[in-house]
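Numbering (my numbering), first residue to last: 89 to 272.
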């Protein structure tokens, strides 16, 4: 039987385990990309997105949000939604335009890192996002990689990177509270 301290520790571990799941799924997606398993890599990135949604959700619901959790989440997001998609898009598309393809991937990863740092430093207290969130950016880059020719993928990757560091507003699904409907 768990004592009060044990319950608190378990509650604190749940969001961290989901965040680490996100990180490990992103890393495994990179490995699958290098092993020519694009479909599996894409599914792993999507699974990372699910972990990313639920880590913050659980932390808020269990009242165990922390500065360390926020930083760990951003590090995991950089791997899963910044580095993994950039490697995937390069290997499966942008390697056909060597120098420009590498530049596009470098810009995308840099914008992902800047986006995540800006969020932690300036925006974590607001209800929406300023700049495209990295999970959405990753999904869009992956969609481009599987549907378009390399030059279009390159331009799209650059534009998505710029949207991440833009000052455009994007809504947040994480902080939306469900409405309570009262019976009449």
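Even glycine gets a Cβ: it sits at the ideal position worked out from N, Cα and C. All values reported here derive from a predicted model rather than from experimental measurement.
- For residue 150, there is no enclosing alpha helix (DSSP H), since its DSSP letter is neither H nor E.
- Residue environment for residue 97: exposed (fewer than 16 other C-beta atoms within 10 angstroms of its C-beta).
- An exposed status is given to residue 240, since fewer than 16 other beta-carbon atoms sit within 10 Å of its beta-carbon.
- Per DSSP, residue 104 is one residue of the alpha helix (DSSP H) stretching across 92-122.
- With fewer than three CB-CB distances shorter than 8 Å, the stretch 186-200 does not count as touching the stretch 119-139.
- For residue 178, the uninterrupted alpha helix (DSSP H) segment begins and ends at 172-180.
- Under the three-state reduction of DSSP output, residue 256 falls in the coil class, being neither helix nor strand.
- Between the stretch 142-151 and the stretch 199-207 there are fewer than three C-beta pairs closer than 8 Å, too few to call the two in contact.
- In terms of Cα proximity to residue 244, the closest of 215, 181 and 216 is 181.
- If you look at residue 205, you'll find it in the alpha helix (DSSP H) that goes 186-206.
- Straight through space, the alpha carbons of residue 99 and residue 194 are spaced by roughly 38 Å.
- The Cβ-Cβ distance between residue 218 and residue 256 falls below 9 Å.
- Between residue 114 and residue 201, the CB-CB gap reaches or exceeds 9 Å.
- DSSP places residue 218 in the strand class (E or B) of the three-state scheme.
- With a threshold of 16 other beta carbon atoms within 10 Å, residue 154 falls short and is exposed.
- Burial state of residue 235 is exposed, judged by a 10 Å Cβ sphere holding fewer than 16 other Cβ atoms.
- Distances from the alpha-carbon of residue 108 to those of 95, 127 and 161 put 161 closest.
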